[in-house]
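For the sequence shown, our numbering begins at 1 and goes up steadily by one.
The beta-carbon is built from N, C-alpha and C at its ideal position, and this holds for glycine as well.
Values in this document were obtained by computation on a predicted structure and should not be read as measured data.
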Amino acid sequence: MSDTAAPSRRLHHGWIAALIGVISFLLLAATNSLYGITYDEPIYQSKSMQAVEWLKALSVDPGYAISAEGVDRYWQATDMHPGFYKLVTGISGVTVASLTGSSEALRTGTNLLAALCLAALYLFVAPLWGRAAGLYAVGALLLMPHVFAACHLAALDAPIMAMCLLTIAATWRAAYAGTSGTTVGKEQAPRRRLSPAWRWSLLAGLLWGLALGTKLNAFFVPFAVFPWALVYARRHLAKLAASYAVLGPLVFLGTWPWLWHDTATRFSEYFQFHFRHWEIAVTYFGKVYQVAPWHYPLVMTTITTPPVTLLLALVGLAVLFRVRRLEPMHRSFLVLAAWSLVVNLVPSCLPTSPKYNGVRLFLPIFPFMATLAAVGFSSLLRPLVARFGQAEQRPKVVALALFLALIGPLAATGRFTPFHLSYYNALVGGLPGATRLGMEPTYWGDSYRSAALWLAGNAPQGATVWVEPMGYESAFRLFELGPLRPDLHFSSGPQGSASSDFAVTQNKPTELSDLTRNLIATQQPVYTDGVDGVPLIYVFRLRGSQTP
Numbered sequence: 001m002s003d004t005a006a007p008s009r010r011l012h013h014g015w016i017a018a019l020i021g022v023i024s025f026l027l028l029a030a031t032n033s034l035y036g037i038t039y040d041e042p043i044y045q046s047k048s049m050q051a052v053e054w055l056k057a058l059s060v061d062p063g064y065a066i067s068a069e070g071v072d073r074y075w076q077a078t079d080m081h082p083g084f085y086k087l088v089t090g091i092s093g094v095t096v097a098s099l100t101g102s103s104e105a106l107r108t109g110t111n112l113l114a115a116l117c118l119a120a121l122y123l124f125v126a127p128l129w130g131r132a133a134g135l136y137a138v139g140a141l142l143l144m145p146h147v148f149a150a151c152h153l154a155a156l157d158a159p160i161m162a163m164c165l166l167t168i169a170a171t172w173r174a175a176y177a178g179t180s181g182t183t184v185g186k187e188q189a190p191r192r193r194l195s196p197a198w199r200w201s202l203l204a205g206l207l208w209g210l211a212l213g214t215k216l217n218a219f220f221v222p223f224a225v226f227p228w229a230l231v232y233a234r235r236h237l238a239k240l241a242a243s244y245a246v247l248g249p250l251v252f253l254g255t256w257p258w259l260w261h262d263t264a265t266r267f268s269e270y271f272q273f274h275f276r277h278w279e280i281a282v283t284y285f286g287k288v289y290q291v292a293p294w295h296y297p298l299v300m301t302t303i304t305t306p307p308v309t310l311l312l313a314l315v316g317l318a319v320l321f322r323v324r325r326l327e328p329m330h331r332s333f334l335v336l337a338a339w340s341l342v343v344n345l346v347p348s349c350l351p352t353s354p355k356y357n358g359v360r361l362f363l364p365i366f367p368f369m370a371t372l373a374a375v376g377f378s379s380l381l382r383p384l385v386a387r388f389g390q391a392e393q394r395p396k397v398v399a400l401a402l403f404l405a406l407i408g409p410l411a412a413t414g415r416f417t418p419f420h421l422s423y424y425n426a427l428v429g430g431l432p433g434a435t436r437l438g439m440e441p442t443y444w445g446d447s448y449r450s451a452a453l454w455l456a457g458n459a460p461q462g463a464t465v466w467v468e469p470m471g472y473e474s475a476f477r478l479f480e481l482g483p484l485r486p487d488l489h490f491s492s493g494p495q496g497s498a499s500s501d502f503a504v505t506q507n508k509p510t511e512l513s514d515l516t517r518n519l520i521a522t523q524q525p526v527y528t529d530g531v532d533g534v535p536l537i538y539v540f541r542l543r544g545s546q547t548p
């Protein structure tokens, strides 16, 4: 069930994890251009650039940069999101842009954190359950179409997913540091003053602080960690508690200069903003909700995760409850993974919690779902491999099993490129079935890039494009449309359509105006794009009858 604890085997896991990190980063960075600019990205990107400007000011005039005036100039928190991700995005984006000139450079921070997440997931799973399980966990997470898309976008969802996993994985290592029998915990006699348990505990606290500096979801991590530690890691509980209590808040505060002045008031504003977040309507089984029912997260998780991954995750959960002779460390690991999934999901199920945009608001559950699926995969693989007595045949069996377990998610990810945020699985008949059931085909603006490219090649000279929803026309200018067609003009709002040549809207029912509802009902669009016959973006001609 587990690999041996030999140092060479530990090193081998490390090299595999490093390779996973490098390959996944290169893959994600190379495919950033597939995705249109989503609604929130311009906000996060502009705030990240302000963070970079603050760093420049800090190097020139530190006194002004850390003063209340300087902090407010560069860190005014109108978005009410912390500082760590802004710093990562800004620094990595400016660096990559200077080296490559990439127009998607500000997505590099997300790519980096996602790659770290995948490498850490392998190191979380493989030492206890084997290399094949570790590799499967990585593939299962990366090939969840919604996760794959999120790992490209300059938004907070994939980064907080990464930071939650990194924190909990470090906590696991702290709990079993010094334990013999697996590479998870076996350490040589410490030559330093700090024991391995203390080093991992300090790292866990540091990572929790960085997670707090990424998104509000991180506040739920202790609810996953400490109930579990009370049962399975009591001897290291004090170390973990001290590290979380001291390092977590200090790192959170240190990475968000906006909190350095009038700290108590601004901290209160931060929480109040999220507790009173404006309502975003969602269409759920044909009905429009301002706040969807409590079961929305459970249903969306079920119908937007590849079925084989769901099935294997249930098998992994069954291992916890049905295998009586499960080794204590394996049981502890499964409890931590399952409990972490529950803790990250339940807050989104609360009656007053915002529920919209598919699964992105609770993306941290998916590394733990992939973990459970990897355990399920390992438990099914073991008897299969045992049937082949010849050692030379076993790697082929493992490779074939990995291929068969991942080919379905891989095919789904390929078929939905570049509209991965619109993926629904076969349990609801795919995207066509979900649309018939009254679910949202798309929601975040990623499909507008397709319309922008079409207009760049087909719109008449000097044409005016009316963009819905109002306000998104400013982001629309950032697509290839802008530098390719500087002659085109943009408008939005109730009055803008009267003088426009084209109307562009995505297929999100709660955003459609009377104009676009009427256009969809009565006119043939001059351009659509989508998946499996379901349109995700529409372009209509408003003036003139000749199709360009």
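The beta carbons of Ile537 and Ser474 sit no closer together than 8 Å. Closest in C-alpha terms to Ala126, from the list Pro297, Ala318, Leu372, comes Leu372. Rounded to whole angstroms, the gap between the alpha carbons of Ala370 and Ala115 is 15 Å.
By the criterion of at least three beta-carbon pairs nearer than 8 Å, the region 135 to 152 is in contact with the region 407 to 427. Nearest to Arg173 by alpha-carbon distance, out of Leu384, Ala233, Gly130, is Ala233. In this chain, the beta strand (DSSP E) harbouring Trp466 covers 464 to 467.
Thr167: not part of any beta strand (DSSP E); member of the alpha helix (DSSP H) spanning 157 to 176, first to last residue. CA-CA distance, Trp260 to Leu28, rounds to 35 Å. Of the candidates Asp72, Glu279, Gly90, the residue whose Cα lies closest to the Cα of Pro42 is Gly90. By the 16-neighbour rule on beta-carbons within 10 angstroms, Tyr64 is exposed. Ala97 carries a helical assignment under DSSP once its states are collapsed to helix, strand and coil.
Distance check between Val225 and each of Arg266, Leu216, Ser201, Gly109 places Ser201 closest, using alpha-carbon atoms only. Within the same chain, and ignoring the five residues on either side of Ala175 in sequence, the residues whose Cβ sits closer than 7 Å to its Cβ are Ala229, Tyr232, Ala233, His236. For Leu488, no beta strand (DSSP E) encloses it, and the DSSP letter there is neither H nor E. In the DSSP assignment, Lys287 falls within the unbroken beta strand (DSSP E) covering 287 to 289. Annotation for Trp339: Ala224, Pro227, Trp228 place their beta carbon closer than 8 Å to its own, counting only its chain and skipping 5 residues before and after. DSSP lists Thr505, Thr528 as the beta-bridge partner residues of Tyr538. The Cβ-Cβ distance between Tyr122 and Gly130 does not fall below 8 Å. In this structure Val375 touches Leu334 by the C-beta definition: roughly 6 Å separates them, less than 8 Å. In this structure, the beta-carbon distance from Ser500 to Trp454 does not fall below 8 Å. With a contact defined as Cβ atoms closer than 8 Å, Pro395 and Leu345 miss out at about 36 Å. For the pair Leu113 and Pro82, the CB atoms are not nearer than the 8 Å cut-off.
Between the region 145 to 158 and the region 102 to 109, the count of Cβ pairs shorter than 8 Å is three or higher; the stretches touch.
Bridge partners of Thr283 according to DSSP: Val288. The alpha-carbon of Thr171 is positioned some 14 Å away from that of Ala211. Distances from the alpha-carbon of Ala456 to those of Ser492, Ala498, Phe502 put Phe502 closest.
The alpha-carbon separation between Leu128 and Gly14 amounts to approximately 14 Å. Between the C-alpha atoms of Phe479 and Ile37 there is a straight-line separation of about 8 Å.
Here Leu310 is buried, its C-beta having at least 16 other C-beta atoms within 10 Å. Note that the C-beta distance between Thr255 and Gly213 is below 8 Å. Closest by C-alpha distance to Met163, out of Gly209, His12, Leu317, Lys508, is Gly209.
In the three-state reduction of the DSSP assignment, Glu473 falls in the helix class. Across the set Glu468, Lys215, Leu240, the C-alpha of Leu240 shows the shortest separation from the C-alpha of Pro196.
Shown here for Met470: same chain residues with a beta carbon closer than 6 Å to its own, the five before and five after excluded, namely Ser492, Gly493 in chain order. Just so you know, the alpha carbons of Ala292 and Val52 end up roughly 38 Å apart. Excluding its 5 nearest sequence neighbours in each direction, Leu203 has C-beta neighbours in its own chain below 6 Å: Ala170, listed in chain order.
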